[in-house]
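Structure first, commentary second.
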Amino acid sequence: MKRETSRVPIESILLATLAVVGLITIAAVAPGIGPALKLFGIGKKKPYPRANIKNAVSRLHRKGLIGFQFRDGQKYISLTEEGRKKLAEYENVGAVLKLPEKWDKKWRIVTFDIPEKARSIRISIRRELSRAGFIRLQDSVWIYPYECEEYVALLKAEKRIGKSLLYVVAERVEYDTPLKKLFNLP
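Just add 1 to wherever you are in the sequence shown, counting from 1, and you've got the working numbering.
Shown next, in the form of structure tokens:
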């Protein structure tokens, strides 16, 4: 049985990183993506291949989401106005969490463990998940029936919480009949 692997889209990581740091030298994109990957709790064992990162940069440039600037003989990447709009769409949950026509019968579970000293982040995450349409199973365990990995990855980047927040895809949840009613699922 082949193990299914899932990665956060490189484009999302690059856009979120550019939103935080503003400008990245093109020479530092591949090695510089490491800290961004750590924000998502990934990248320790198998980092993205350099070619994949270069391809992502090209795609973002073709889409008009990033631009290139030259300063002191160095080439830099920056977020364009269109890129800022795309990022704003990600913050507007409805644009990210589009409902598919048919439910794939899988549950998406978000769980987090944020220390008391970061209480404001914990409260903010709960507010964001609630606003996105997630249902609270416990204080730090939330559930949603549709694909939302990109949204969760961006939430992790925005809050800078990395491995403190986990995204789980489950085929079965015990006692899910009330949840199905809440989400209007068959």
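C-beta atoms are modelled at their ideal positions from N, C-alpha and C, and glycine is treated no differently.
Hey, quick one: how far does the beta strand (DSSP E) through residue i stretch, first residue to last?
i           : result
residue 145 : 142–145
Taking the straight line between their C-alpha atoms, what separation do you get for residue i and residue j?
i           : j           : result
residue 187 : residue 100 : 14 Å
residue 66  : residue 88  : 9 Å
residue 149 : residue 109 : 7 Å
residue 141 : residue 125 : 12 Å
residue 184 : residue 139 : 17 Å
residue 133 : residue 117 : 24 Å
residue 181 : residue 120 : 31 Å
Please name the residue or residues paired with residue i in a DSSP beta bridge.
i           : result
residue 68  : 79
residue 166 : 113
residue 171 : 108
residue 137 : 143
So residue i is in the alpha helix (DSSP H); what residue range does that whole segment cover?
i           : result
residue 152 : 150–160
residue 58  : 51–63
residue 110 : Unbroken run through residue 110 is the beta strand (DSSP E), 108–113; no alpha helix (DSSP H).
residue 179 : 178–183
Using a Cβ-Cβ cut-off of 8 Å (strictly less than) and excluding sequence neighbours within five positions of residue i, which residues of its own chain qualify?
i           : result
residue 122 : 115, 160, 162
residue 177 : 108
residue 81  : 65, 66, 67, 68
For residue i, collect the residues of the same chain with a Cβ closer than 7 Å to its Cβ; drop the 5 residues on either side in sequence, then sort them by chain order.
i         : result
residue 1 : Nothing about residue 1 can be reported from this structure: the residues present for the chain run from 2 to 187 only.
Kindly list the residues whose CB is nearer than 6 Å to the CB of residue i, restricted to its own chain and excluding five residues on each side of it in sequence; keep chain order.
i           : result
residue 143 : 111, 130, 135, 137
residue 105 : none
residue 83  : 65, 66
residue 174 : 108
Are the C-beta atoms of residue i and some chain C residue less than 8 Å apart?
i           : result
residue 122 : As a matter of chain content, chain C is missing from the structure shown, which is built from one protein chain.
Practice item. Examine the Cβ distances between the segment 114–133 and the segment 48–67 and report whether three or more of them are shorter than 8 Å. Key: no
Review point. Is the number of C-beta pairs between the segment 102–116 and the segment 164–180 that are closer than 8 Å three or more?
Key: yes
Practice item. Examine the Cβ distances between the segment 143–158 and the segment 67–81 and report whether three or more of them are shorter than 8 Å. Key: no
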